[in-house]
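Residue numbers (the UniProt record's numbering): 1 to 540. Idealized CB from N, CA, C, for every residue including glycine.
Structural data, given as structure tokens:
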């Protein structure tokens, strides 16, 4: 008698191989048998007739780093079929976190990762992972070591180049983070303090990644105006480091840049042909989402949130910010220039005073108040909310999304901010791809898209026991109806669950059963283990 028996499913195993009809038996959180199990019985039996049975989906870009500490089951995610999330994105995340910077860092993260009511009582990656374990999550989590946190631990939040001694110290902190279980390093070259770093600093850290055999997961410095130049410098650097390059939320922003997308993908193909491992994730929507203060030029963030707010009090500095937001700077993308103020929607604020701004564009906020100085309205909002403002920005071409979806090096990431009225990608990314791009528009065969959701990301972040349906591996499983699956979340009404995902199973436990969601302590907090040879190279 098996603990769980899934019968009559259309099995897609995650490798890209064609589907087949069969049954799956699960015991003690593992897949024990796959095949025609006509004589087998289960304590719990599920009939998956007419449904797809596949590995659980791995979300390669998330911002639930703080929310998971407040809620062990983020329902917006698991109802999409997500059984594993990769935390620690964009170089600015929860850990490591020195005590001296906790308050400032909390303000810095609030527009991106929210500000749930939790105790900020951790310092290291190890502390943070233990804190997640203590809330007994209902699904699996792994973490990247964020470059900005590492830099902050060594040299604070100043806008200046790191010294050779500071770079060496950052390498030591990165090694500590990896030894504590991080699966790679992230950076976000538009976010402070990552944007203050010279390429020399980033290259030194990537040399460590090459030693450990883990990826750099990067929000590159340009995703539009200078995207080709940005990619060239990263590819050249990563060849020298012999390290894996993974682009976060690959896209090409701004209407006047959209023609570059074929060349963007050609650069990835060329780098891979030259022997460099290059992969990426993306989200399937024509708009991005981040904190509103990302519209400010990099120098405005020097010293952290408190210093930025002080600069906003200075009329001369505010005028300079507005000018540079309108014109952009070499090496810095202006999101407000790309989207226009009518293409930027406020998604979250903390104060009661500005709740009427949520869900409105900056232009609409101006109309409510009889104002047309839209850039100043954005600055005022950032100041009044102490940086805790999220936004959506419409900057991406739908045809480019489909072109990128077709590329075999890709994976999917929701990149969903969860506060206020969020981007619909937080609720609908995976079902949107399966329903719209696979079934309706036939951009890719279903088996290939499932590979991008499962075995491909598992390989990138070093999971050996999941991402594929195979005897002996972890029983992370999704059961869905390929004929009905579709996202329901919209920009106007984003907090809507999808249609078509029937069951989500994590380590053998059913946590989504049609309309029901169960908070069970069945999730795993991954710590990647590294061979002794890494430390021999470091010490030798």
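Through-space distance from residue j to residue i, alpha-carbon basis
| i | j | result |
| --- | --- | --- |
| residue 504 | residue 473 | 16 Å |
| residue 111 | residue 292 | 7 Å |
| residue 75 | residue 502 | 14 Å |
| residue 122 | residue 38 | 51 Å |
| residue 518 | residue 510 | 8 Å |
| residue 401 | residue 43 | 44 Å |
| residue 128 | residue 378 | 33 Å |
| residue 349 | residue 113 | 12 Å |
| residue 258 | residue 462 | 33 Å |
| residue 89 | residue 411 | 15 Å |
| residue 221 | residue 318 | 23 Å |
| residue 434 | residue 417 | 22 Å |
| residue 102 | residue 118 | 13 Å |
| residue 329 | residue 445 | 42 Å |
| residue 540 | residue 174 | Annotation note: pLDDT 39 at residue 540 (below 50); position unreliable, no value reported. |
| residue 541 | residue 485 | Lying outside 1 to 540, the shown extent of the chain, residue 541 is not represented and no answer is given. |
| residue 268 | residue 334 | 24 Å |
| residue 327 | residue 64 | 33 Å |
| residue 185 | residue 403 | 27 Å |
| residue 2 | residue 32 | 9 Å |
| residue 155 | residue 7 | 57 Å |
| residue 389 | residue 11 | 43 Å |
| residue 125 | residue 441 | 42 Å |
| residue 54 | residue 48 | 11 Å |
| residue 106 | residue 115 | 7 Å |
| residue 178 | residue 94 | 15 Å |
| residue 92 | residue 108 | 9 Å |
| residue 234 | residue 522 | 39 Å |
| residue 432 | residue 120 | 35 Å |
| residue 290 | residue 201 | 25 Å |
Terminal residues of the alpha helix (DSSP H) in which residue i lies
| i | result |
| --- | --- |
| residue 227 | 227 to 241 |
| residue 323 | 315 to 327 |
| residue 107 | 102 to 113 |
| residue 490 | Taken as a continuous stretch (DSSP letters only), residue 490 belongs to no alpha helix (DSSP H), as it is neither H nor E. |
| residue 465 | That residue, residue 465, is in no alpha helix (DSSP H); it is neither H nor E in DSSP. |
| residue 366 | 362 to 368 |
| residue 380 | 374 to 384 |
| residue 452 | 446 to 453 |
| residue 176 | 164 to 179 |
| residue 337 | 335 to 339 |
| residue 128 | 125 to 134 |
| residue 60 | Element bounds for residue 60: n/a, residue is neither H nor E. |
Close-in-space but distant-in-sequence residues of the same chain around residue i (CB under 6 Å, 5 per side omitted)
| i | result |
| --- | --- |
| residue 98 | 153 |
| residue 237 | 203 |
| residue 239 | 276 |
| residue 525 | 129, 132, 133, 141 |
| residue 405 | 437, 443 |
Residues near residue i by beta carbon distance below 8 Å, same chain, minus five either side
| i | result |
| --- | --- |
| residue 414 | 59, 61, 62, 77, 80, 82, 283, 425, 426, 429, 430 |
| residue 527 | 129, 180, 181 |
| residue 159 | 192, 193, 196, 298, 299, 301, 302, 303 |
| residue 252 | 223, 224, 227, 258, 260, 261, 264, 396, 397, 400 |
Boundaries (first-last residue) of the beta strand (DSSP E) holding residue i
| i | result |
| --- | --- |
| residue 391 | 390 to 394 |
| residue 6 | 2 to 11 |
| residue 17 | Here residue 17 belongs to no beta strand (DSSP E), and DSSP marks it neither H nor E. |
| residue 83 | 82 to 87 |
| residue 289 | 287 to 291 |
| residue 140 | 140 to 143 |
| residue 509 | 509 to 513 |
| residue 46 | 42 to 47 |
| residue 502 | 501 to 506 |
Sheet register partners of residue i (DSSP bridge)
| i | result |
| --- | --- |
| residue 427 | DSSP lists no partner for residue 427. |
| residue 216 | 185, 245 |
| residue 54 | 478 |
| residue 282 | 412 |
| residue 348 | 390 |
| residue 146 | 186 |
| residue 30 | 27, 474 |
Sub-8 Å separation of residue i and residue j beta-carbons
| i | j | result |
| --- | --- | --- |
| residue 541 | residue 448 | Lying outside 1 to 540, the shown extent of the chain, residue 541 is not represented and no answer is given. |
| residue 469 | residue 13 | yes |
| residue 421 | residue 359 | yes |
| residue 209 | residue 183 | no |
| residue 52 | residue 494 | no |
| residue 170 | residue 205 | yes |
| residue 393 | residue 362 | no |
| residue 336 | residue 385 | no |
Residue-level contact to chain D via CB, residue i, 8 Å cutoff
| i | result |
| --- | --- |
| residue 458 | Checking the listed chains, one finds no chain D in this structure; it contains a single protein chain. |
Close-in-space but distant-in-sequence residues of the same chain around residue i (CB under 7 Å, 5 per side omitted)
| i | result |
| --- | --- |
| residue 332 | 297, 298 |
| residue 100 | none |
| residue 70 | 116, 117, 118 |
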